[in-house]
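The block underneath contains the structure these notes are about, expressed in structure tokens.
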Amino acid sequence: MREEISRVLTLVEEGKIDKEKASELINILKDKDQPELVTVKKDVPYGKKMLKIRVISEEGDNVNVNLPINLVKAVLKVGTNIAEKIPEAEKYVKDINVDLLIEAIENELDGQIVDITSANGDKVFVVIE
């Protein structure tokens, strides 16, 4: 984890990220109790990759969503601005750091980016591959 925090600090020194993003990244790194799940791969052109969302419910209500990464990027840029202006949707998007998500896509991050298991055994996975 020290190497990752050092890299974040280097990015701040180089002016590639600001102090707020650095703080956010360091907090995420400190909270991690698993090895790094996000990697950069170049075997498939990034524009042809998919964002895959998997929800495995204890009740059997499973969800599988596959979205082309280029569509995700476009929707993030346009859709969030629209959603913020709709009163019913505003509460769902107000805490999402869209810029951080877009930055991850533009930096071609790849691999598992979310792995959640709830107290009742439901699981959520988000992967770019």
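Read in order, the letters of the sequence shown are residues 0 to 128 in numbering that gives the first Met the number 0.
Virtual Cβ for every residue (Gly too), placed ideally from N, Cα, C.
Supposed close pair residue i, residue j - CB separation, criterion 8 Å
i    : j    : result
V97  : L75  : 5 Å
E128 : D109 : 7 Å
I101 : K72  : 6 Å
G14  : E57  : So it is not a contact: roughly 47 Å between Cβ atoms.
I4   : L10  : That pair is no contact at about 11 Å.
Cβ-based neighbour list, residue i, same chain, cut-off 6 Å, excluding 5 preceding and 5 following
i    : result
T116 : K122
G78  : none
Proximity to residue i [Cα-Cα], best of the options
i    : options               : result
P44  : N61, E58, V64 and I68 : I68
V126 : A118, L66 and T9      : L66
Own chain residues within Cβ distance below 7 Å of residue i, not counting five before or after
i   : result
V7  : A21, L24 and I25
D60 : none
N63 : R53
The region 15-32 / the region 51-64 touching (three or more Cβ pairs under 8 Å): no
Restricting to runs no shorter than 3 residues, where is the beta strand (DSSP E) found entirely within the region 45-88? 49-55 and 62-67
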